[in-house]
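Chains as they are written, first to last, in our numbering: chain A, 1 to 335; chain B, 1 to 103.
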């Protein structure tokens with residue numbers, strides 16, 4: 001009998017870990033709460049830094065999990081462990097006995113309403129990065145109506161003690177610049193401004209993406225955090241920020257404001273995470289066993305983590321971790 | 001002999017001579033001040049900053065660059081409304097700091 005591995009979450013991390021474990025001759029079972037595999041990445045249109053269609057990546061990953069045991073629209077409702085392994089109860093009343101558990105539960109997008117000063121949910125023309133991506137994918141969003149001037153706010157729900165998120169969310173800088181180019185493609189006459197503190201273009205090809213925004217798309221980057229958004233008589237947005245490089249406060253009207261919302265741990269797994277004895281770290285994500293050599297292990301033997309459940313991560317980071325976790329699980333099973 | 005030429009004083013910040021005692025005193029009671037990322041939120045929302053050169057972000061820098069007199073002059077523009085403290089993403093108690101600097 002093949003050893004079963006429970007993989008909670010059918011996004012990029014869960015799918016990649018499952019496909020690798022399957023190739024290793026083990027029996028991974030993916031538990032996905034939504035009606036389809038793919039996670040957040042399936043909701044995305046194109047990927048930074050090279051504008052690669054997300055669909056291509058998702059399709060390839062779906063191809064790789066053919067033959068893998070998958071339960072859709074299913075959640076783990078209870079899990080116990082004894083000397084023989086883990087015993088999980090699923091929301092469809094199925095009972096699963098497994099040898100190891102991989103938490104690949106990913107992230108939630110920061111709820112923009114929590115930064116009330118940005119007016120999300122109050123003013124019609126304030127949208128989130130995820131919603132803009134949806135617009136690129138479907139071409140539909142009533143709030144986006146031939147904007148002439150568009151602003152992007154970086155670090156919404158990140159590096160901000162007021163919402164208890166002191167960490168950098170890592171992918172928003174590159175996403176903002178990617179989306180700034182794309183919005184110029186859709187509305188070539190529009191002026192696009194981004195409001196940043198630091199542009200963290202750390203990855204391969206990311207600095208090229210930045211240069212592209214300057215040379216090919218004329219995206220204007222202002223160094224300063226937007227601190228207030230209001231609406232004027234014409235229904236346009238009025239934003240305030242400081243242009244810190246110029247050293248003066250700045251005021252500007254915009255037709256559309258895009259909030260670059262951060263990643264937070266997907267909290268819907270909290271109860272199961274607690275039952276497994278996996279703690280949170282100071283950023284509210286899951287605590288790995290070690291920052292360097294135990295990124296995919298937890299303090300609990302047999303319980304592993306991969307992807308954005310431990311910190312904000314890009315897609316390549318997540319895939320690398322998913323492959324790494326497969327090796328960890330394989331070694332654990334053959335210990 | 002006066003040829004009509006003169007030397008301009010150097011505009012360098014002379015880091016070797018900077019007196020950090022005020023900044024260090026503030027750090028003891030307000031350890032958060034080193035977490036400032038110079039995002040400018042304090043200045044963008046500042047009531048006084050709309051009409052004057054007042055900028056808390058710059059005051060912090062002045063104190064670290066030997067320009068304490070300039071900093072104290074700038075603080076006189078502050079009306080202590082506290083909006084800067086509300087918007088600061090690093091949770092720095094700016095209003096209290098401004099009071100502490102002048103103490």
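For every residue, glycine included, the Cβ atom is placed at its ideal position computed from N, Cα and C.
Item checked: Start-to-end residues for the beta strand (DSSP E) that takes in residue 304/A -> Taking the first chain and counting its residues from 1, one reaches residue 304/A at position 304. For residue 304/A, the enclosing beta strand (DSSP E) covers residues 303-305.
Check: In chain A, which residues lie with their C-beta within 7 Å of the C-beta of residue 90/B?
Finding: Counting from 1 along the second chain, the entry for residue 90/B is found at position 90. At a C-beta separation below 7 Å, residue 90/B has these neighbours in chain A: 161.
Note to self: Strictly below 7 Å CB to CB, what residues from chain B border residue 224/A?
What the structure shows: Working through the first chain from its first residue, we reach residue 224/A at position 224. Near residue 224/A (Cβ distances below 7 Å), the residues of chain B are 39, 40 and 44.
Check: Exposed or buried, which one is residue 40/A when buried takes at least 16 other CB atoms within 10 Å?
Finding: By one-based count along the first chain, residue 40/A stands at place 40. Residue 40/A should be labelled buried.
Check: Which of helix, strand or coil does DSSP assign to residue 21/A?
Finding: To locate residue 21/A, count along the first chain from 1; it is residue 21. In this structure, residue 21/A counts as helix in the three-state DSSP scheme.
Margin query: For residue 50/B, would you say it is in contact with chain A, using Cβ-to-Cβ distances shorter than 8 Å as the test?
Written below: Counting from one through the second chain, the residue named residue 50/B turns up at place 50. With 8 Å as the cut-off, residue 50/B counts as an interface residue toward chain A.
Next item on the list: Anything in chain A within Cβ reach of residue 55/B, meaning under 8 Å, just list it in chain order.
Entry: Translated into positions along the second chain, residue 55/B becomes position 55. Those within 8 Å of residue 55/B in chain A are 242 and 247.
Notebook entry, point to check: Is residue 87/B close to chain A, meaning its C-beta is less than 8 Å from at least one C-beta of that chain?
Noted result: Residue 87/B sits at position 87 when you count from the first residue of the second chain. True, the Cβ-Cβ gap to chain A drops below 8 Å.
Notebook entry, point to check: Under the rule that 16 or more other beta-carbon atoms within 10 Å means buried, what is residue 93/A, buried or exposed?
Noted result: Sequence index remark: in the first chain, residue 93/A carries index 93 (1-based). Residue 93/A comes out exposed.
Check: When the distance is taken between beta carbons, is residue 155/A closer than 8 Å to residue 194/A?
Finding: Position 194 of the first chain, counting from 1, holds the residue named residue 194/A. Position 155 of the first chain, counting from 1, holds the residue named residue 155/A. No. Outside cutoff.
Next item on the list: Tell whether a beta-carbon distance below 8 Å holds between residue 129/A and residue 227/A.
Entry: Looking up residue 129/A in the first chain gives position 129. Looking up residue 227/A in the first chain gives position 227. With contacts defined by Cβ atoms closer than 8 Å, residue 129/A and residue 227/A do not form a contacting pair.
Next item on the list: Using alpha carbons as the reference points, say which of 333/A, 329/A, 116/A and 335/A lies closest to residue 103/A.
Entry: Start at 1 with the first residue of the first chain, and residue 103/A comes out as number 103. If you compare the alpha carbons of 333/A, 329/A, 116/A and 335/A with that of residue 103/A, the shortest gap goes to 329/A.
Checklist line | Residues from the region 179-198 of chain A in contact with chain B, defined by Cβ distance under 8 Å | finding: Against chain B - using a Cβ distance shorter than 8 Å - the residues of the region 179-198 of chain A are 197 and 198.
Next item on the list: Flag residue 227/A as yes if its beta-carbon sits less than 8 Å from any beta-carbon of chain B, otherwise no.
Entry: The count along the first chain starts at 1 and reaches residue 227/A at position 227. Yes, because at least one Cβ of chain B sits closer than 8 Å to the Cβ of residue 227/A.
Checklist line | Other residues of its chain near residue 88/B: CB distance less than 7 Å, five sequence neighbours each side excluded | finding: As a first step, residue 88/B must be located in the second chain, where it is residue number 88. Once the five neighbours on either side are set aside, the close Cβ partners of residue 88/B are 41, 42 and 94.
Checklist line | Whole-angstrom distance between residue 289/A and residue 299/A, CA atom to CA atom | finding: If you number the first chain from 1, residue 299/A lands on position 299. If you number the first chain from 1, residue 289/A lands on position 289. When rounded, the distance between both Cα atoms is 5 Å.
Next item on the list: Let me know if residue 45/B comes out buried or exposed under the rule of 16 or more other beta-carbons within 10 Å of its beta-carbon.
Entry: As a working note, residue 45/B is residue 45 in the second chain. Under this definition residue 45/B is a buried residue.
Note to self: Could you pull the DSSP bridge partners for residue 74/A from this structure?
What the structure shows: Locating residue 74/A in the first chain gives position 74, counting from the first residue. In the DSSP output, where bridge partners are listed per residue, residue 74/A has none listed.
Checklist line | Endpoints, the beta strand (DSSP E) within which residue 42/B is located | finding: Along the second chain, one-based indexing puts residue 42/B at 42. Here residue 42/B belongs to no beta strand (DSSP E); instead the alpha helix (DSSP H) covers 41-45.
Notebook entry, point to check: Just how far apart, CA to CA, sit residue 306/A and residue 284/A?
Noted result: In the first chain, residue 306/A corresponds to position 306, counting from 1. In the first chain, residue 284/A corresponds to position 284, counting from 1. Cα-Cα distance, rounded: 15 Å.
Next item on the list: Provide the residue span of the alpha helix (DSSP H) that contains residue 172/A, from first to last.
Entry: As a first step, residue 172/A is located in the first chain; it is residue number 172 there, counting from the start. Start and end: 172-186.
Notebook entry, point to check: Out of curiosity, what's the CA-to-CA distance linking residue 78/B and residue 57/B?
Noted result: Locating residue 78/B in the second chain gives position 78, counting from the first residue. Locating residue 57/B in the second chain gives position 57, counting from the first residue. Inter-residue distance for residue 78/B and residue 57/B is about 13 Å (C-alpha atoms, whole angstroms).
Check: So, are the CB atoms of residue 21/A and residue 98/A less than 8 Å apart?
Finding: Position 21 of the first chain, counting from 1, holds the residue named residue 21/A. Position 98 of the first chain, counting from 1, holds the residue named residue 98/A. It is not a contact, given that the beta carbons lie outside the stated cut-off.
Check: Between the C-alpha atoms of residue 78/A and residue 274/A, what's the straight-line distance to the nearest angstrom?
Finding: On the first chain, position 78 is the one that residue 78/A refers to. On the first chain, position 274 is the one that residue 274/A refers to. For residue 78/A and residue 274/A, the distance between alpha carbons rounds to 11 Å.
Next item on the list: Count the other CB atoms, across all protein chains shown, that sit within 10 Å of the CB of residue 52/B; report buried if there are 16 or more and exposed otherwise.
Entry: Within the second chain, residue 52/B is the residue found at index 52, counting from 1. Residue 52/B comes out exposed.
Note to self: Using only CA atoms, which one of 294/A, 96/A and 317/A lies nearest to residue 106/A?
What the structure shows: Indexing the first chain from 1 puts residue 106/A at position 106. Selection 294/A, 96/A and 317/A evaluated against residue 106/A yields 317/A as nearest (Cα-Cα).
Notebook entry, point to check: Any contact of the region 311-325 of chain A with the region 161-178 of chain A, i.e. 3+ C-beta pairs under 8 Å?
Noted result: Judged by Cβ distances under 8 Å, the region 311-325 of chain A makes contact with the region 161-178 of chain A, as three or more pairs qualify.
Notebook entry, point to check: For residue 311/A, which residues from the same chain have a beta carbon less than 6 Å from its beta carbon, with the 5 sequence-adjacent residues on both sides left out?
Noted result: One-based indexing of the first chain puts residue 311/A at position 311. If the five residues before and after residue 311/A are omitted, its C-beta is found closer than 6 Å to the C-beta atoms of 285, all from its own chain and listed in chain order.
Notebook entry, point to check: What residue range is occupied by the uninterrupted alpha helix (DSSP H) comprising residue 210/A?
Noted result: Along the first chain, read from residue 1 onward, the residue named residue 210/A stands at position 210. Here the alpha helix (DSSP H) through residue 210/A covers 206-215.
Check: Between which two residues does the alpha helix (DSSP H) carrying residue 100/B extend?
Finding: Here residue 100/B is taken as the residue at index 100 of the second chain, counted from 1. According to the DSSP assignment, residue 100/B belongs to the alpha helix (DSSP H) that extends over 94-102.
Check: When the cut-off is 8 Å and only beta carbons count, does residue 235/A lie next to chain C?
Finding: Included in the structure are the protein chains A and B, with no chain C among them.
Margin query: For residue 47/B, which residues in the same chain have their Cβ closer than 7 Å to its Cβ, ignoring the five residues on either side in sequence?
Written below: On the second chain, position 47 is the one that residue 47/B refers to. Same-chain partners within the cutoff: 79, 81 and 83.
Checklist line | 6 Å CB neighbourhood of residue 206/A in its chain, flanking five on each side removed | finding: Walking along the first chain from the start, residue 206/A turns up at place 206. Hits under 6 Å: 49 and 174.
Notebook entry, point to check: What are the start and end residues of each continuous alpha helix (DSSP H) run of 4 or more residues lying completely inside the region 265-301 of chain A, in chain order?
Noted result: Qualifying alpha helix (DSSP H) stretches, in chain order: 270-276.
Notebook entry, point to check: Mind checking residue 350/A: buried by the 16 CB within 10 Å criterion, or exposed?
Noted result: Nothing about residue 350/A can be reported from this structure: the residues present for chain A run from 1 to 335 only.
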